[in-house]
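Chemist:
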Amino acid sequence: MGTSLVKFSRDTARDVKQVARGWRWGRRPQVPRSAEPYVIPKETSVFPTRWARTPAAIAVREVLQKGALNSVLRWEVNPQVSGLDSLLKLNGPALIVANHSSHLDTPLVLCTLPDGMRRKTAVAAAADYFFDTWWRATASAIVFNTFPIERRGGKLSSTPGDLLADGWNVVVFPEGTRSPDGWMERFRMGAAYLAVEHGVPVIPVGIKGSFAAMPRGRGWPVPGRPTVAVRYGDPLMPAEGENAREFAPKISAAVSALLDEESTTWWEARRRVASGTSPSQSGPDAARWRRVWESTAPIKPAASKRRAWK
Ligand SMILES: CCCCCCCCCCCCCCCC(=O)OC[C@@H](O)COP(=O)(O)O
Numbered sequence: 001m002g003t004s005l006v007k008f009s010r011d012t013a014r015d016v017k018q019v020a021r022g023w024r025w026g027r028r029p030q031v032p033r034s035a036e037p038y039v040i041p042k043e044t045s046v047f048p049t050r051w052a053r054t055p056a057a058i059a060v061r062e063v064l065q066k067g068a069l070n071s072v073l074r075w076e077v078n079p080q081v082s083g084l085d086s087l088l089k090l091n092g093p094a095l096i097v098a099n100h101s102s103h104l105d106t107p108l109v110l111c112t113l114p115d116g117m118r119r120k121t122a123v124a125a126a127a128d129y130f131f132d133t134w135w136r137a138t139a140s141a142i143v144f145n146t147f148p149i150e151r152r153g154g155k156l157s158s159t160p161g162d163l164l165a166d167g168w169n170v171v172v173f174p175e176g177t178r179s180p181d182g183w184m185e186r187f188r189m190g191a192a193y194l195a196v197e198h199g200v201p202v203i204p205v206g207i208k209g210s211f212a213a214m215p216r217g218r219g220w221p222v223p224g225r226p227t228v229a230v231r232y233g234d235p236l237m238p239a240e241g242e243n244a245r246e247f248a249p250k251i252s253a254a255v256s257a258l259l260d261e262e263s264t265t266w267w268e269a270r271r272r273v274a275s276g277t278s279p280s281q282s283g284p285d286a287a288r289w290r291r292v293w294e295s296t297a298p299i300k301p302a303a304s305k306r307r308a309w310k
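Residue 1 is where the sequence shown starts when you use this note's numbering, and the numbers rise one by one after that.
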């Protein structure tokens, strides 16, 4: 009994001493004098691209796109474009929505659009990737008429809406990133949201072969002038009262159908759409090498001489 009381008081004394040692008696500030105040970082520095749509910039871009980009692209790859007649059904600005697996995709879309439409087309580009340095931002804005968008969620900027209202077509890659293996990935909601919000049609585009021609990690197309297919589809318009969540799957289905059409025929792809048996364009559930192997099957270039009559 006596010993436990002694032990108790000894323990208590030690505890009190320990607390006293840690006690801030003088109440001096705990922050070192060298510390600097914490400033909350600014949201994102928005790079202005309005200048890229002034008449002077448009004139420079025309020279760059027609004189350089188009020639270099067609020298390095063989773009095979189909479905351009679908664009005749437009009578105002549209969202041009394509699958994305290569840096070639933007030049391919721009260089296959009819000139009049190309001149009036802007491209939504990842802010973190294309707008990370001033020179990359300036170059992509002047050549491709890009404007920055945040791809990791967040608030959708007002730029695409303003551009559509100003009569610009806007290219969007709803996957948000280049496909790692050439197969189509999940589409995000942004494009559907813009179409619904601004009542503009979506032109679906299926691009096949750009992964094989210049996958992620390559800075220049592979040698051999590979054929790359760009297939435009009929405009899709959100139905009366339809919301983005309902409209979004129709956009990805349309791009999938175009890719299916590219690997089969128009007739077969149409029949599969009608019967709801369009194959998924997300590729086989297999090892990476097999997925890449299947997605990079060479595209047969169309016969150079098309004959209507045998
Ligand atoms: C033969 C010609 C070769 C020309 C190379 C052209 C360089 C392409 C510049 C395209 C500028 C616009 C691209 C907008 C689309 C976009 O922003 O997609 C994101 C990805 O891309 C990059 O992110 P990630 O795939 O995640 O690395």
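No residue lacks a Cβ here, since even glycine has one placed at the ideal position from N, Cα and C.
#1: May I ask you to check if the CB of R178 is nearer than 7 Å to at least one heavy atom of ligand 1?
#2: Where DSSP assigns a beta bridge to V97, which residues make up the other side?
#3: How is the alpha helix (DSSP H) around S9 delimited, first residue to last?
#4: Distance, Cα to Cα, G22 vs F8?
#5: Which of helix, strand or coil does DSSP assign to R231?
#6: Could you please give the first and the last residue of the uninterrupted beta strand (DSSP E) stretch that includes I149?
#7: With a CB to CB cut of under 7 Å and the five nearest residues on each side skipped, what residues in its chain are close to G83?
#8: Roughly how many angstroms lie between the CA atoms of P215 and H103, to the nearest whole one?
#9: Between the alpha carbons of P301 and P223, how many angstroms are there, rounded?
#10: What residue from E62, F47, V109 has the CA that sits closest to V205's CA?
#11: Rounded to the nearest angstrom, what separates V63 and A35 at their Cα positions?
#12: Taking just the CA atoms, how far does P201 sit from L88?
#13: Following a CB-centred definition, is A68 positioned closer than 7 Å to any heavy atom of ligand 1?
#14: Can you tell me whether S256 is buried or exposed, with buried defined as 16 or more other CB within 10 angstroms of its CB?
#15: Which runs of the beta strand (DSSP E) spanning at least 3 residues fall entirely within the segment 105-150, listed in chain order?
#16: For a quick check, are the C-beta atoms of A94 and I203 less than 8 Å apart?
Modeler: Once the coordinates are examined:
#1: Taking the first residue of the sequence shown as 1, we reach residue 178 at position 178. With a threshold of 7 Å, the Cβ atom of R178 counts as near ligand 1, since some heavy atom of the ligand is closer than that.
#2: For the purposes of this step, residue 97 is taken as residue 97 along the sequence shown, with counting starting at 1. Looking at the DSSP assignment, V97 forms a beta bridge with V172, P204.
#3: Translated into the one-based positions of the sequence shown, residue 9 becomes position 9. 2-22 is the extent of the alpha helix (DSSP H) around S9.
#4: For this step, residue 22 is matched to residue 22 along the sequence shown. For this step, residue 8 is matched to residue 8 along the sequence shown. Roughly 21 Å between the two C-alpha positions.
#5: By one-based count along the sequence shown, residue 231 stands at place 231. Residue state, collapsed to three classes: strand.
#6: Here the question's residue 149 lines up with position 149 in the sequence shown. First-last of the beta strand (DSSP E) with I149: 146-149.
#7: Counting from one through the sequence shown, the residue named residue 83 turns up at place 83. Hits under 7 Å: R231, Y232, G233.
#8: As a working note, residue 215 is residue 215 in the sequence shown. As a working note, residue 103 is residue 103 in the sequence shown. Looking at the two C-alpha atoms, the distance is approximately 8 Å.
#9: Stepping through the sequence shown from its first residue, residue 301 is reached at position 301. Stepping through the sequence shown from its first residue, residue 223 is reached at position 223. If you take the alpha carbons of P301 and P223, they lie about 16 Å apart.
#10: Residue numbering aside, residue 205 sits at position 205 when the sequence shown is read from its first letter. Sorting E62, F47, V109 by C-alpha distance to the C-alpha of V205 places V109 at the top.
#11: Along the sequence shown, one-based indexing puts residue 63 at 63. Along the sequence shown, one-based indexing puts residue 35 at 35. Roughly 53 Å separates the two Cα atoms.
#12: Here residue 88 refers to the residue found at position 88 of the sequence shown. Here residue 201 refers to the residue found at position 201 of the sequence shown. The straight-line gap from Cα to Cα measures roughly 13 Å.
#13: Locating residue 68 in the sequence shown gives position 68, counting from the first residue. The answer is no for A68.
#14: Here residue 256 refers to the residue found at position 256 when the sequence shown is read from its first residue. Of the residues assessed, S256 falls on the buried side of the cut-off, its CB having 16 or more other CB atoms within 10 angstroms.
#15: List check, beta strand (DSSP E) in window: 121-126, 146-149.
#16: Position 94 of the sequence shown, counted from the first residue, corresponds to residue 94. Position 203 of the sequence shown, counted from the first residue, corresponds to residue 203. Less than 8 Å separates the beta-carbon of A94 from that of I203.
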